[in-house]
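Engineer: Here the numbering used here is used: the first residue of the sequence shown is 2, the next is one more, and so on.
Using N, Cα and C, we set each Cβ at its ideal position, and we do this for glycine too.
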Amino acid sequence: RVLTGNPHLAVERAERRFGFELVRLYDCGTLDTRRLAVEIRDPRVVAVYSQTLSYTDGISDDLEAILAIVEAENERRSGAGLPLVTLVNDSCLAFCVLVHNDGRGGRGCLRLLDLAGARCTTPLIVTLDAHKHLGVDKGVSSCVGSPGTLSHLAGSVRVGAQPTKGMLVRALADLLLVGVDGYTRIYRELAEQMRRVEAAVEAAGLAVVHRSHRAAGSSVISAEDPAGVLMRKLKRRGHSFASLFNLYPSDPARCQYGWSLSLTPYALRDLGGAGGGATALEVFLRDLGRAAAEARAADSRLATLFSANSLPGILLRGGTEELYLFTLLWRPGLGRAAASLVLRRLFTGLLDAGVVRSRKRADPLRELAWLAVCGVLLALALALAVSAAPLEQLGAHAVVERAPAQQDGGERVCRVDASTGVMNKHKVRGEGGVSPDV
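Shown next as structure tokens:
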């Protein structure tokens with residue numbers, strides 16, 4: 002068993018890949034230390050997975066409290082000759098948090114290896130992705146372990162491939178060029194801008210998800226977005242997000258949908274003429290304010306009759322309907338089966354439908370309109386050809402159709418004019434009085 006809070010999706014994939022049981026112990030997104038102290042005494046527990054920065058909502062686990070609980074359990078197991086519990090710490094996205102929480106000057110410490118010290122008996126594994134924040138090639142990731150945690154993997158099959166020598170040389174060159182002081186300066190500026198983002202999100206009428214568990218320097222911002230309205234409007238303006246759903250499963254009345262935005266120093270680049278002299282982040286904040294104003298102006302009374310978490314509420318507000326489908330995947334049953342079918346067909350079409358036709362046709366709309374006109378003309382020509390043959394055979398004469406006896410008696414007479422193809426239908430009354438029927 003592996004105990005965790007609300008981990009990265011890769012942890013769930015590892016659960017299926019390696020066949021262990023993943024137990025979620027979360028409280029407002031973070032690993033619940035009270036429940037952890039109880040569950041860790043299970044002898045089947047082999048590891049605890051913690052996060053310095055959650056990719057989902059930008060919050061941080063209480064690493065100091067978690068380490069204390071795991072260390073106490075390992076001391077007990079060590080005395081009983083039982084296998085120790087390994088503490089895995091995910092810092093892949095947390096470089097900015099590590100800069101701002103170094104344990105100096107009264108600041109808190111979220112650097113697990115510094116917290117552990119030399120006398121810690123708990124096996125520790127810390128991950129950090131240099132390509133996310135240090136400006137190096139993608140794939141240059143680090144996995145640091147305390148003595149004895151990684152050596153047993155020697156000769157084993159590992160997923161993926163090691164970075165090439167060229168990638169490592171470029172990574173070292175980047176680190177030496179920027180330096181410790183340079184990275185510190187860059188990420189202090191990023192943290193300052195993140196405070197502006199939080200203020201802008203709240204000014205737009207949105208709530209920051211799990212705000213109380215955000216650490217200084219968090220570079221991920223997550224916001225509640227009723228019905229996913231702002232997410233759709235901002236995507237149309239060229240911004241992309243990670244979708245959030247089922248935010249508060251224990252409280253269905255709360256807003257369950259939102260979006261997450263992860264920022265790096267690249268977001269502080271000057272867009273020049275494309276952005277009117279603003280940075281990419283400033284363009285996003287400007288679009289966020291405008292989208293929020295549009296959403297408030299477009300809200301209708303009919304939409305307020307339905308919950309923003311329901312499918313009718315999402316559709317009437319012009320929100321993001323796939324969030325509702327994602328929520329159905331959370332629980333087994335008919336809803337999951339239906340949502341899975343829709344999503345699989347959708348993504349199969351997106352991924353396997355071939356080359357986009359607009360790349361092969363210079364003016365597809367004009368060609369489509371021309372094909373439509375030709376199709377209509379062809380249908381008219383076929384209709385005239387089919388109707389012309391029997392009319393020539395009939396000639397200009399009357400066809401008498403014997404009708405069943407009616408209240409007023411008489412017969413129906415259909416007069417066909419072969420030259421025009423017009424059929425005049427009359428009803429004969431009495432001794433020859435004719436009156437139009439159709």
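1. In the DSSP assignment, find the unbroken beta strand (DSSP E) run with S219 in it and report its ends.
2. Can you tell me the Cβ-Cβ gap for T185 and V100, rounded? I've got them flagged as a contact below 8 Å.
3. Tell me V126's beta-bridge partners as DSSP assigns them.
4. Have a look at L306 and I315 and give me their C-alpha separation to the nearest angstrom.
5. Using a Cβ-Cβ cut-off of 7 Å (strictly less than) and excluding sequence neighbours within five positions of G259, which residues of its own chain qualify?
6. Comparing alpha-carbon positions, which option in G59, P44, S61, L54 lies nearest A81?
7. Just mark R112 as buried or exposed, buried being the case when its beta carbon has 16 or more other beta carbons within 10 Å.
8. Can you pull the DSSP bridge partners for Y27?
9. Is the stretch 124–131 touching the stretch 139–155 in the sense that three or more CB pairs, one from each, lie closer than 8 Å?
10. Tell me the DSSP secondary structure of A254 in three-state form.
11. Just reading off the beta strand (DSSP E) that Q52 is part of, what are its end residues?
12. DSSP three-state call for S388: helix, strand or coil?
13. Helix, strand or coil for E322, going by three-state DSSP, please let me know.
14. Check the C-beta distance from Y188 over to F285 and give it rounded, since I have them as a contact under 8 Å.
15. Use the C-beta contact count for P333: other C-beta atoms within 10 angstroms, 16 or more gives buried, fewer gives exposed.
16. Which residues in the same chain have their Cβ closer than 6 Å to the Cβ of V262, if we skip the five residues on either side of it in sequence?
17. So, with DSSP's three-state summary, where would you put T349?
18. Does L4 come out as helix, strand or coil in the three-state DSSP assignment?
19. Report the three-state DSSP secondary structure of S263 (helix, strand or coil).
20. In chain order, what residues of the same chain lie with their CB nearer than 7 Å to the CB of D62, ignoring the 5 residues before and after it?
21. In whole angstroms, what is the alpha-carbon distance linking R25 and Q163?
22. Please name the residue in V86, C121, L176 whose C-alpha comes closest to that of L37.
23. Thinking C-alpha only, which one of R237, A309, A304, R345 is nearest G229?
24. I'd like to check one pair, E295 with K234: are the Cβ atoms closer than 8 Å?
25. With a threshold of 16 other CB atoms inside 10 Å of the CB of G422, please say whether the residue is buried or exposed.
26. Classify C97 as helix, strand or coil using the three-state DSSP reduction.
27. Measure the alpha-carbon distance for R318 versus L378 and round it to whole angstroms.
28. Could you give the DSSP three-state label for S244: helix, strand or coil?
29. Should L4 be labelled buried (16 or more other beta-carbon atoms within 10 Å of its own) or exposed?
30. Any idea what DSSP makes of A117, helix, strand or coil?
31. In this structure, how does DSSP classify D300 when only helix, strand and coil are distinguished?
32. Can you look up V209 in the DSSP assignment and give me helix, strand or coil?
33. Here's a check: name, in chain order, each residue in its chain whose Cβ is nearer than 6 Å to the Cβ of A292, leaving out the five neighbours to either side.
34. Taking the alpha helix (DSSP H) that F19 belongs to, which residues open and close that run?
35. Please determine, among S341, L173, A304, the residue with the shortest C-alpha to C-alpha distance to L135.
36. In the DSSP assignment, what residue or residues form a beta bridge with C375?
Structural biologist: Once the coordinates are examined:
1. Counting along the chain, S219 falls outside any beta strand (DSSP E), and DSSP gives it neither H nor E.
2. Contact between T185 and V100 holds, with the beta-carbon distance rounding to 6 Å and staying under 8 Å.
3. A quick correction: the sequence has Ile, not Val, at residue 126. Bridge partners of I126: V89, G146.
4. Those two C-alpha atoms are separated by around 11 Å.
5. Only V210, S223, A224, E225, D226, L245, L248 meet the Cβ criterion.
6. Closest option to A81, judged by alpha-carbon separation, among G59, P44, S61, L54: P44.
7. Buried, by the Cβ-count rule.
8. Y27 is bridged to L32.
9. Counting Cβ pairs under 8 Å, three or more are found: they touch.
10. Here DSSP, grouped into helix, strand and coil, assigns A254 to coil.
11. For Q52, the enclosing beta strand (DSSP E) starts and ends at 48–52.
12. S388: helix per DSSP, three-state reduction.
13. Coil, per DSSP.
14. About 19 Å; that fails the 8 Å criterion.
15. With fewer than 16 other CB atoms across the displayed protein chains lying within 10 angstroms of its CB, P333 is exposed.
16. Inspection of the sequence shows that residue 262 is occupied by Leu rather than by Val. Excluding sequence positions up to five before and after L262, its CB lies within less than 6 Å of the CB of I222, F242, all in the same chain and listed in chain order.
17. It is helical.
18. Three-state DSSP puts L4 in a strand.
19. It is a strand residue.
20. G6, T31, L32, S51, Q52, listed in sequence order.
21. Per the coordinates, the alpha-carbon of R25 lies some 31 Å from the alpha-carbon of Q163.
22. Looking only at V86, C121, L176, the smallest Cα-Cα distance to L37 is reached by V86.
23. A check of alpha carbon separations from G229 across R237, A309, A304, R345 identifies A309 as the nearest.
24. Yes, Cβ-Cβ distance for K234 and E295 is below 8 Å.
25. The predicted position of G422 is uncertain, since its pLDDT is 46 and thus under 50; a value taken from the coordinates is nonetheless stated next. Exposed: under 16 other Cβ atoms inside 10 Å.
26. Assignment of C97 by DSSP, reduced to helix, strand and coil, places it in the helix class.
27. Answer to the nearest angstrom: the Cα atoms are 41 Å apart.
28. The answer is strand: DSSP assigns S244 an E or B state.
29. In the assembly as shown, L4 is a buried residue. Its beta-carbon has 16 or more other beta-carbons within 10 Å.
30. Assignment of A117 by DSSP, reduced to helix, strand and coil, places it in the helix class.
31. DSSP places D300 in coil when its eight states are reduced to three.
32. In the structure shown, V209 sits in a strand (DSSP, three-state: E or B).
33. Around A292: L231, K234, L235.
34. Under the DSSP assignment, F19 falls in the alpha helix (DSSP H) whose first and last residues are 10–19.
35. The shortest Cα separation from L135 among S341, L173, A304 belongs to L173.
36. Note: C375 sits in no beta bridge, so no partner.
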